[in-house]
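Novice: Residue numbers (this note's numbering), protein chains in the order written: chain S, 14 to 397; chain Z, 15 to 172.
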């Protein structure tokens, strides 16, 4: 009866919990903007956030695609003021516009593989959550021993937990849910190795003083000294609990936080806009101006993604009407030359409403233009 | 065989969003669940080519990614235990609070089974797929979890 009552209690609480949980945020359905493009905007935005937060990341739109070629011998821009490319209701084409990794996959692959003797523990942190303790070890270069040449590290460390001098009999499981990618270990950016274990409710009690890590290549000539860090300490075991030894989960080496962000070909394009006195009833017309710091080839032509309040819209940029052409007749944005693009969408009918207009190229790392708009005369404030 | 990712990733992942969101909320609390979910979806999208439909349904693969992102989020934000108490969607009565505290003290495996079965509302077969074990093992783990909860909560009846 007790088991049934607990089952009922959990079901009832779980149902209340689910009912009270807000719906997950997701992009609004969009006209002219496919779900794929919308998700790419969200995913790309998150990818950029992750990169800015510091984790090395690939923000490629596709796999193993070359970077877009630079414009060659472009036609010199005229002295005229910025042109306005006329509006065309072009559909999104979802071009594959790759980002630029930092470091690149080639740079990582070209680095020589780390020997264990290249490495040293340069930091250690411990965090606990929900009964599990996570030990994160920063594995950097042993500069005094081998200088500052970067090396490449990949895979899972070999982990041994010790109680004093004795190895503890614990299960060590590699967490394969996250996958493993090579990491470039540099003077400024160590690799991170994370080990987790749950010290409670396991019997018999063990006391972990030290954790030994073996990673990188191991010379065959002699047994190398493993990297050593302070361990997890003592487990707990309540009376009556079954014999249940601790399990240690190990994550593969991953990059530590980088201070710089990954590069995008469009990060050098400033995006500004002018909403003017746009009305939200009927058609809304505004312009978006792109000003690139460098000659920016518009091939492939990027899509754009925008939101007027909660309503998304987007499509293909009218690159064909951009008047600046290189020697191969490809459209491009000349450096430091504003090029405006006319945009149109439907306003909101009915009562006046204040909403936010947001526009960006549908490319990872693209800046965005944001303005507050209202009906009946519009108040705009550009924010980049 | 499970459905491969195909060209429309959002359509492929959309049916699983509620479960993924609930799982994220159980891991890091409601306030941070959206962030963790979006990180997980971005990672899943980047790694979609690694999903092997012949090895099973998408949900276990996706939940594993959410679990990883949640763990890294907790490390980054230095969150500690009893998140559900600090940030849950339900107004907690004293009994609910006691239950959440007891849940936090379950073994990871028991906690995982309880979260998947009672909070994500997955059936035993799906829980078994996610946890990589047999359905019978799931039932046994749930039974053990309920027994542990009764003991922690001082439920002496039966």
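Yeah, the Cβ is synthetic: ideal placement off N, Cα and C, and Gly gets one too.
Do residue 354 of chain S and residue 298 of chain S have their beta-carbon atoms positioned less than 8 Å apart in this structure?
Specialist: Numbered from its first residue, the first chain carries residue 298 of chain S at position 285. Numbered from its first residue, the first chain carries residue 354 of chain S at position 341. No, the Cβ-Cβ distance between residue 298 of chain S and residue 354 of chain S is not below 8 Å.
Novice: Helix, strand or coil for residue 53 of chain S? Go by DSSP, reduced to three states.
Specialist: Reading the first chain from its first residue, position 40 is the one you call residue 53 of chain S. Note that residue 53 of chain S has pLDDT 31, beneath the 50 cutoff, so the model's placement of it is unreliable and no number is given.
Novice: With which residues is residue 184 of chain S paired in a DSSP beta bridge?
Specialist: In the first chain, the residue the question calls residue 184 of chain S occupies position 171. Answer is S:260, bridged to residue 184 of chain S.
Novice: Report the option in S:341, S:322, S:376 and S:384 whose CA atom is closest to the CA atom of residue 360 of chain S.
Specialist: One-based indexing of the first chain puts residue 360 of chain S at position 347. Ranking the options by Cα distance to residue 360 of chain S, first place goes to S:322.
Novice: Going by DSSP, which residues form a beta bridge with residue 10 of chain S?
Specialist: The shown model of chain S, from 14 to 397, leaves out residue 10 of chain S, and the question about it has no answer.
Novice: Just to confirm the assignment, what range does the beta strand (DSSP E) spanning residue 318 of chain S have?
Specialist: Taking the first chain and counting its residues from 1, one reaches residue 318 of chain S at position 305. Looking at the DSSP string, the run of the beta strand (DSSP E) that includes residue 318 of chain S is 316-321.
Novice: Please report how far the alpha carbon of residue 348 of chain S lies from the alpha carbon of residue 88 of chain Z, in whole angstroms.
Specialist: Sequence index remark: in the first chain, residue 348 of chain S carries index 335 (1-based). Sequence index remark: in the second chain, residue 88 of chain Z carries index 74 (1-based). Between residue 348 of chain S and residue 88 of chain Z, the C-alpha separation is close to 43 Å.
Novice: Tell me which residue opens and which closes the beta strand (DSSP E) that residue 283 of chain S is part of.
Specialist: Indexing the first chain from 1 puts residue 283 of chain S at position 270. First-last of the beta strand (DSSP E) with residue 283 of chain S: 282-287.
Novice: Should residue 20 of chain S be flagged as near chain Z, meaning a C-beta pair shorter than 8 Å?
Specialist: Here residue 20 of chain S corresponds to residue number 7 of the first chain, with the count starting at 1. So, interface residue.
Novice: Identify the continuous alpha helix (DSSP H) that holds residue 100 of chain S and give its terminal residues.
Specialist: Locating residue 100 of chain S in the first chain gives position 87, where the first residue counts as 1. Looking at the DSSP string, residue 100 of chain S is not in any alpha helix (DSSP H), and its letter there is neither H nor E.
Novice: Would the beta-carbon of residue 30 of chain Z fall within 8 Å of that of residue 37 of chain S?
Specialist: Within the second chain, numbered from 1, the residue matching residue 30 of chain Z stands at position 16. Within the first chain, numbered from 1, the residue matching residue 37 of chain S stands at position 24. Contact flag unset, no.
Novice: Classify residue 232 of chain S: buried if its beta carbon has 16 or more other beta carbons within 10 angstroms, exposed otherwise.
Specialist: Taking the first chain and counting its residues from 1, the one referred to as residue 232 of chain S is at position 219. Exposed is the call here.
Novice: Hey, how far is the Cα of residue 125 of chain S from the Cα of residue 198 of chain S?
Specialist: The residue you call residue 125 of chain S lines up with position 112 of the first chain. The residue you call residue 198 of chain S lines up with position 185 of the first chain. Roughly 10 Å between the two C-alpha positions.
Novice: For residue 165 of chain S, is the classification buried or exposed, using 16 other Cβ atoms within 10 angstroms of its Cβ as the cut-off for buried?
Specialist: Walking along the first chain from the start, residue 165 of chain S turns up at place 152. Its Cβ being crowded by 16 or more others within 10 Å, residue 165 of chain S is buried.
Novice: Mind checking which residues open and close the alpha helix (DSSP H) that includes residue 9 of chain S?
Specialist: Chain S is shown from 14 up to 397; residue 9 of chain S falls before or after that span and cannot be answered.
Novice: What's the call for residue 25 of chain Z, buried or exposed, on a 16-neighbour Cβ count within 10 Å?
Specialist: Translated into the one-based positions of the second chain, residue 25 of chain Z becomes position 11. Exposed, because fewer than 16 other Cβ atoms sit within 10 Å of the Cβ of residue 25 of chain Z.
Novice: Give every residue of the same chain whose Cβ lies closer than 6 Å to the Cβ of residue 137 of chain S, excluding the five residues on either side of it in the sequence, and list them in chain order.
Specialist: For the purposes of this step, residue 137 of chain S is taken as the residue at position 124 of the first chain. Excluding residues within five positions, the ones whose Cβ falls inside 6 Å are 150 and 242.
Novice: In this structure, does DSSP put residue 29 of chain Z in helix, strand or coil?
Specialist: The count along the second chain starts at 1 and reaches residue 29 of chain Z at position 15. Helix at residue 29 of chain Z.
Novice: If the cut-off is 9 Å on Cβ atoms, which residues from the stretch 15-40 of chain Z count as contacting chain S, listed in chain order?
Specialist: The stretch 15-40 of chain Z vs chain S, Cβ under 9 Å: 21, 22, 23, 24, 25, 27, 28, 31, 32, 34, 35, 36, 38, 39 and 40.
Novice: Just checking my contact of residue 138 of chain Z with residue 145 of chain Z at CB under 8 Å: how many whole Å lie between their CB atoms?
Specialist: Position 124 of the second chain, counted from the first residue, corresponds to residue 138 of chain Z. Position 131 of the second chain, counted from the first residue, corresponds to residue 145 of chain Z. That belief does not hold up - the Cβ atoms of residue 138 of chain Z and residue 145 of chain Z are roughly 10 Å apart, past 8 Å.
Novice: Please state whether the Cβ-Cβ distance between residue 336 of chain S and residue 135 of chain S is less than 8 Å.
Specialist: By 1-based counting over the first chain, the position of residue 336 of chain S is 323. By 1-based counting over the first chain, the position of residue 135 of chain S is 122. No, these two residues do not count as a Cβ contact at 8 Å.
Novice: When the distance is taken between beta carbons, is residue 172 of chain S closer than 8 Å to residue 261 of chain S?
Specialist: The residue labelled residue 261 of chain S in the question sits at position 248 within the first chain. The residue labelled residue 172 of chain S in the question sits at position 159 within the first chain. Against a cut-off of 8 Å, the Cβ pair of residue 172 of chain S and residue 261 of chain S comes out as a contact.
Novice: Are the Cβ atoms of residue 286 of chain S and residue 304 of chain S separated by less than 8 Å?
Specialist: Taking the first chain and counting its residues from 1, one reaches residue 286 of chain S at position 273. Taking the first chain and counting its residues from 1, one reaches residue 304 of chain S at position 291. For residue 286 of chain S and residue 304 of chain S, no; Cβs fall outside 8 Å.
Novice: Is the stretch 124-134 of chain Z close to the stretch 20-29 of chain S, with three or more CB pairs under 8 Å?
Specialist: Verdict: yes, contact present.
Novice: Would you say residue 103 of chain Z reaches chain S, if we count a Cβ-Cβ gap shorter than 8 Å as a contact?
Specialist: For the purposes of this step, residue 103 of chain Z is taken as the residue at position 89 of the second chain. Chain S contact via Cβ: present.
Novice: What separation, rounded to the nearest whole angstrom, lies between the Cα atoms of residue 32 of chain S and residue 162 of chain S?
Specialist: Counting from 1 along the first chain, the entry for residue 32 of chain S is found at position 19. Counting from 1 along the first chain, the entry for residue 162 of chain S is found at position 149. If I take the Cα positions, the gap works out to 55 Å.
Novice: Hey, is residue 23 of chain S's beta-carbon within less than 8 Å of any beta-carbon in chain Z?
Specialist: Sequence index remark: in the first chain, residue 23 of chain S carries index 10 (1-based). Closer than 8 Å: yes.
Novice: Residues of chain S with CB closer than 7 Å to the CB of residue 73 of chain Z, please, in chain order.
Specialist: Position 59 of the second chain, counting from 1, holds the residue named residue 73 of chain Z. Those within 7 Å of residue 73 of chain Z in chain S number zero; the least Cβ separation is about 13 Å.
Novice: Could you tell me how far apart the beta carbons of residue 74 of chain Z and residue 65 of chain Z are, in whole angstroms, since I believe they sit closer than 8 Å?
Specialist: The residue labelled residue 74 of chain Z in the question sits at position 60 within the second chain. The residue labelled residue 65 of chain Z in the question sits at position 51 within the second chain. No, residue 74 of chain Z and residue 65 of chain Z are not in contact; Cβ-Cβ is about 10 Å, not under 8 Å.
Novice: With which residues is residue 360 of chain S paired in a DSSP beta bridge?
Specialist: Counting from one through the first chain, the residue named residue 360 of chain S turns up at place 347. None, per the DSSP bridge assignment.
Novice: Taking C-beta pairs closer than 8 Å, name the residues in chain Z that residue 26 of chain S reaches, listed in chain order.
Specialist: The sequence position of residue 26 of chain S within the first chain is 13, counting from 1. The answer, in chain order, is 104, 110, 113 and 132.
Novice: Looking at residue 380 of chain S and residue 282 of chain S, is the spacing between their C-beta atoms short of 8 Å?
Specialist: The sequence position of residue 282 of chain S within the first chain is 269, counting from 1. The sequence position of residue 380 of chain S within the first chain is 367, counting from 1. The answer is yes: Cβ separation under 8 Å.
Novice: On the three-state DSSP scale, how would you describe residue 247 of chain S?
Specialist: Taking the first chain and counting its residues from 1, the one referred to as residue 247 of chain S is at position 234. Three-state result, residue 247 of chain S: strand.
Novice: Comparing alpha-carbon positions, which option in Z:38, Z:161 and Z:158 lies nearest residue 81 of chain Z?
Specialist: Counting from one through the second chain, the residue named residue 81 of chain Z turns up at place 67. Residue 81 of chain Z has its Cα closest to that of Z:38, out of Z:38, Z:161 and Z:158.
Novice: For the alpha helix (DSSP H) that contains residue 123 of chain S, what are its first and last residues?
Specialist: Within the first chain, residue 123 of chain S is the residue found at index 110, counting from 1. Segment 118-123, the alpha helix (DSSP H) holding residue 123 of chain S.
Novice: Do residue 264 of chain S and residue 207 of chain S come within 8 Å of each other at the CB atom, strictly closer than that value?
Specialist: As a position in the first chain, residue 207 of chain S is number 194, starting the count at 1. As a position in the first chain, residue 264 of chain S is number 251, starting the count at 1. Yes, the Cβ-Cβ distance between residue 207 of chain S and residue 264 of chain S is below 8 Å.
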